[in-house]
Amino acid sequence: MARNGAPSGRGQDRVHPRTRLPGRRPAGPRCDTVDGRPPRGARSMTETPPVVAPARRERLLWMDGLRGLAILLIVLLHATEMLRSIGLQPHIAVDVFNTVASPFRIPLLMTLSGMLLGGSLSKSAGRYVSGKLRAIAWPYAVWLVIVLLVFPSLGPDILVRGLWAPNTYLWYLHTLLIAYLVALALRRVPDWISMVGALLLAAAVTLLPMPDLVATMKLERTFLMLAFFFAGHLLMQHLPTALPLLRHPISIVIGLVCTGSVVVASLQPGSAVSNDVTFAVPLLASLAVGLALLSLLPWRDPVSRWLRWVGRHSIVYYVTHWIALYWTLQLVAGPLIRFGFSEVAVAMVVGAMAAGAALAWLVQLRTPVRWLFRV
């Protein structure tokens, strides 16, 4: 058989291309309609099939890898804080590393999520909303209940507050859902206007006195995360031209200066740079240049492949990591606590990442476990 499914011609009459036998149609694409035109939606045999650009594939590699890296940094931070709560103080190097990374973790996740917004906006409003409710709101609600079951001392108040002012580690999913819903409402508004508007609202919330009830909602943080989200979408729309500009030596110098200012500010006692509108612009510049440079890496070595796996299943890892850290601590605290912080912390991080990998694998196999993460 020929490659296009037509007979190869073996054992048939050979006809010169310019020769037309009586009663025989000229060779050409087969048409099954009365008027001889191809059926609607059919592709001509001479039409070139669409090809996915290699750049798109490479782009997905580094985006998944960086998302996985952000998740790993979050797990390390929460393991450290959990051990600190039971009196195990981290080494100064670990403490400094967590502090320096603190401004970049969640803003990086929000920026990368914004870079994926275009694919969602191409859907109808109904499919868009239902998809986000199934993929974000559902695991948020399910794991909020699971957190209450594992930590009953938190009280049912966390379920009520979870609707409007989340006070658990799951707050990121709450903010991400808000970002997607706001993006749908502002789909006709240019991204740079949405980004600047979010920054201005964050500044207004910071400067204006707010009632205590409103203050518990942490609107400044929400608006800042919206700014990173829209910045990611803006960057993605102009990625082919933006990446070379961001890799220019002048841009790199600006990015390094901005990164330095953010790091120095984060090392100050009591600082919360990622939630401070004062550092929003330097942090945006630092992330943009950092993404452009890190995207140059091949992201194909074993560690990168593992980070990409984590990134592709980031919600599974995110919603499960706190409980996995807690249960791992209960398991290893007895035999390992005498060795000190490092051994227990490593065991906790490995346990949390292994639990996330096992659950993500079960989700891929379409076992009933998937209902914990998507409906």
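Residue numbers (UniProt numbering): 1 to 375.
Glycine included, every Cβ here is placed at the ideal spot set by N, Cα and C.
### Task
Output the residue ranges of the beta strand (DSSP E) runs that lie fully inside the region 309-347 and measure 3 residues or longer, sorted by chain position.
Here no run is fully enclosed.
### Limits of the unbroken alpha helix (DSSP H) element including Arg127
Run containing Arg127: Ala125 to Lys132, per the alpha helix (DSSP H) assignment.
### Message
Can you look up Val142 in the DSSP assignment and give me helix, strand or coil?
### Response
helix
### Task
Taking all protein chains shown into account, decide if Ala125 is buried (16 or more other Cβ within 10 angstroms of its Cβ) or exposed.
exposed
#### Entry: Spatial distance of Pro142 from Val264 (CA atoms)
Looking at the sequence shown, residue 142 is not Pro but Val. For Val142 and Val264, the distance between alpha carbons rounds to 39 angstroms.
### Task
Pick helix, strand or coil for Ala231, following the three-state DSSP scheme.
helix
### Task
Determine the DSSP secondary structure at Thr367, reduced to helix, strand or coil.
coil
### Query
Exposed or buried, His91, counting other C-beta atoms within 10 Å across all chains shown (16 or more means buried)?
exposed
### Task
Could you tell me how far apart the beta carbons of Ser266 and Ser102 are, in whole angstroms, since I believe they sit closer than 8 angstroms?
The C-beta separation of Ser266 from Ser102 comes to about 6 angstroms, placing the pair in contact by the 8 angstroms criterion.
### Query
At what residues does the alpha helix (DSSP H) containing Thr168 begin and finish?
That residue, Thr168, is in no alpha helix (DSSP H); it is neither H nor E in DSSP.
### Query
How about Trp62 and Leu297: do their beta carbons lie closer than 8 angstroms?
Yes, these two residues count as a Cβ contact at 8 angstroms.
### Task
In angstroms with no decimal places, state the Cα-to-Cα distance between Ser85 and Ile158.
20 angstroms
### Task
Taking Ile136 as part of the alpha helix (DSSP H), name the residues at either end of that continuous run.
Run containing Ile136: none; DSSP gives neither H nor E here.
### Coarse secondary structure for Trp299, derived from DSSP in three states
coil
#### Entry: Cα-Cα separation between Ile178 and Leu163, rounded to whole angstroms
11 angstroms
### Query
In or out: Arg57 buried (at least 16 other Cβ within 10 Å) or exposed?
Confidence at Arg57 is low in this model, with a pLDDT of 49, below 50, so its placement is unreliable and the value that follows should be read with caution. With fewer than 16 Cβ atoms within 10 Å of its Cβ, Arg57 is classed as exposed.
### Query
Got a sec, what are the start and stop residues for the alpha helix (DSSP H) Thr206 sits in?
Asp191 to Leu207
### Task
Would you give the residue range spanned by the alpha helix (DSSP H) that Gly118 belongs to?
Annotation for Gly118: the continuous alpha helix (DSSP H) segment containing it runs Leu117 to Leu121.
### Residue ranges of each alpha helix (DSSP H) within the region 61-121, 4 or longer
92-101, 105-115 and 117-121
### Message
I'd like to check one pair, Leu243 with Ser295: are the Cβ atoms closer than 8 angstroms?
### Response
yes
### Query
Going straight from the alpha carbon of Arg247 to that of Leu224, what length do you get?
Distance from the CA of Arg247 to the CA of Leu224, rounded to the nearest whole angstrom, comes to 25 angstroms.
### Query
Looking at the structure shown, is Ala242 part of a helix, part of a strand, or coil, going by DSSP?
helix
### Message
Once DSSP output is grouped into helix, strand and coil, what is the label at residue 378?
### Response
Shown here, the chain extends from 1 to 375; a query on residue 378 therefore has no answer.
### Beta carbon of residue 397 nearer than 8 angstroms to that of Ala345
The displayed coordinates of the chain run from 1 to 375. Any statement about residue 397 would go beyond what the structure contains.
### Query
To the nearest angstrom, how far is it from the Cα of Gln89 to the Cα of Ser342?
10 angstroms
### Query
Just the Cα atoms here: how many angstroms apart are Pro282 and Ala203?
15 angstroms
### Message
Restricting to Cα atoms, I'd like to know which of Leu287, Ala357 and Arg338 is closest to Arg308.
### Response
Per the C-alpha coordinates, the member of Leu287, Ala357 and Arg338 positioned closest to Arg308 is Ala357.
### Query
Can you name, in chain order, every residue of its own chain whose Cβ lies under 8 angstroms from the Cβ of Gly131, other than the five neighbours on each side?
Ser120 and Lys123
### Query
Any idea if Asn167 is buried or exposed, counting beta-carbon neighbours within 10 angstroms, 16 or more meaning buried?
exposed
#### Entry: Alpha-carbon spacing of Ile146 relative to Gly351, whole angstroms
Roughly 19 angstroms between the two C-alpha positions.
### Per-residue burial, Pro152 [other beta carbons within 10 Å of its own, 16 or more giving buried]
exposed
### Task
Report the rounded CA-to-CA distance for Cys258 versus Leu365, giving the unit in angstroms.
If you draw a straight line from the Cα of Cys258 to the Cα of Leu365, it comes to about 44 angstroms.
### Message
Checking 8 angstroms against the spacing of the C-beta atoms, do Gly118 and Gln237 come in under that value?
### Response
yes
### Task
Mark Leu359 as exposed unless 16 or more other C-beta atoms lie within 10 angstroms of its C-beta, in which case mark it buried.
The residue in question, Leu359, is buried, as its Cβ has 16 or more Cβ neighbours within 10 Å.
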